[in-house]
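Structure (structure tokens):
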């Protein structure tokens, strides 16, 4: 965790009804992603590209009348993008 200070500008009204701005420094804590946090989305990385490929393939098949062609292309593109997402997720930084 990294500590930092940030400025907070507060607008206040004094007794004479004049606006004044007061700057305060506030300590904050910046959270850094830990190792297990980034792996919680692994299901999203696996399923989403496949579903997008399948549904876009079905749409294009119905539009152009080429029944298995675009679905198969969508599945292949979905699988390739899934493997790319997993590679990007697990590569050492």
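Residue numbers (our numbering): 182 to 274. We treat Cβ as the ideally placed atom computed from N, Cα and C, and that holds for glycine.
Going straight from the alpha carbon of residue i to that of residue j, what length do you get?
i	j	result
residue 175	residue 237	For residue 175 there is no data in the structure shown, the boundaries of the chain being 182 and 274.
residue 270	residue 234	20 Å
residue 249	residue 272	35 Å
residue 243	residue 253	14 Å
residue 224	residue 263	10 Å
residue 246	residue 229	25 Å
Is it true that the CB of residue j sits closer than 8 Å to the CB of residue i?
i	j	result
residue 231	residue 260	yes
residue 251	residue 267	no
Can you give me the Cβ contacts of residue i inside the same chain, cut-off strictly under 8 Å, excluding the 5 residues immediately before and after it?
i	result
residue 256	231, 234, 235, 238
residue 265	none
What does a CB cutoff of less than 7 Å around residue i pick up in its chain, not counting 5 residues either side in sequence?
i	result
residue 258	234
Between which two residues does the alpha helix (DSSP H) harbouring residue i extend?
i	result
residue 238	223 to 245
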